[in-house]
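**Student:** Can you keep this structure in mind? I'll have questions shortly.
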Amino acid sequence: MTNSKKLFAPNAVFVSDQPKQDLVLKEVYDNLLEQGYVKGNFLSHIVEREHNFPTGLDTSTLGKNIPNIAIPHTEGEFVNTKLIVPISLTTPVVFHNMINPEQPLEVKFLFMLLDNDPDGQAELLASVMDFLADTPANELREVFNFTDPHAIYAFLKQKFEDKEKED
1 MTNSKKLFAP
11 NAVFVSDQPK
21 QDLVLKEVYD
31 NLLEQGYVKG
41 NFLSHIVERE
51 HNFPTGLDTS
61 TLGKNIPNIA
71 IPHTEGEFVN
81 TKLIVPISLT
91 TPVVFHNMIN
101 PEQPLEVKFL
111 FMLLDNDPDG
121 QAELLASVMD
131 FLADTPANEL
141 REVFNFTDPH
151 AIYAFLKQKF
161 EDKEKED
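Going by the working numbering, the first residue of the sequence shown is number 1, and it counts up by one from there.
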């Protein structure tokens, strides 16, 4: 597992009230660009990739009433860093299922993956999947409904650090 101190940044945790996928991605992109985490051409590539290769994840297999999530990402050439960017959505936004791209999913939480290493996204994705598998359902329900960026950051940083200590 990668170093959690570098996986999350307090200024890269967002709560969005945008009603559509592309608007959420644009809002987060504007902030990430301003902070130098992504390059100017990042937005068009992440939107295009999400449309062609959806990243929605049906979380019903993880437990009852856990909100669905999505894990948007794009190629490392459009990114300046390695980071997991958590995004809580105040109202569900439609993404499409990564397993069944025709199936729309109402998503409540995003883990946007940023990795400037062309081969690094698999590692970040594995970290998120481990988190989903190892976190009790009641805690996933709780964090996926948080609307305070500081609470999201503290929770995820702690969870990923605890996982590191076990590895």
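We put the beta carbon where it would ideally sit given N, CA and C, even for glycine.
1. Curious, which full-length beta strand (DSSP E) runs of at least 3 residues does the region 90-130 contain?
2. When you compare only the Cα positions, how much space is there between Phe-78 and Gly-63?
3. Ordered along the chain, which non-local residues of its own chain (more than five positions away) have a Cβ less than 6 Å from that of Gln-18?
4. Taking 6 Å as the limit between beta carbons, can you name the residues of its chain near Ala-151, skipping five residues before and five after?
5. Mark Ser-44 as exposed unless 16 or more other C-beta atoms lie within 10 angstroms of its C-beta, in which case mark it buried.
6. Quick one: using the 10 Å Cβ neighbour count with 16 as the cut-off for buried, is His-51 buried or exposed?
7. Tell me which same chain residues have a C-beta within less than 6 Å of the C-beta of Asn-3, skipping the five on either side of it?
8. What is the DSSP secondary structure of Lys-39, reduced to helix, strand or coil?
9. Could you tell me whether the region 126-133 touches the region 93-109, where touching means 3 or more Cβ pairs closer than 8 Å?
10. Tell me whether the beta-carbon of Ser-88 lies closer than 9 Å to the beta-carbon of Val-15.
**Tutor:** With the given structure in hand:
1. Segments of the beta strand (DSSP E) lying fully in the region 90-130: 104-115.
2. Roughly 35 Å between the two C-alpha positions.
3. When the five nearest sequence neighbours on each side are left out, the beta carbons in the same chain lying within less than 6 Å of the beta carbon of Gln-18 are those of Val-24 and Glu-27, in order along the chain.
4. Cβ-Cβ distances below 6 Å link Ala-151 to nothing in the same chain once the five nearest sequence neighbours on each side are left out.
5. Exposed, since its Cβ has fewer than 16 Cβ neighbours within 10 Å.
6. With fewer than 16 other beta carbons inside 10 angstroms of its own, His-51 counts as exposed.
7. Reliability of the predicted coordinates at Asn-3 is poor, the pLDDT of 42 falling under 50, and no value is obtained from them.
8. In this structure, Lys-39 counts as coil in the three-state DSSP scheme.
9. Between the region 126-133 and the region 93-109, the count of Cβ pairs shorter than 8 Å is below three; the stretches do not touch.
10. Taking 9 Å as the Cβ cut-off, Ser-88 and Val-15 qualify as a contacting pair.
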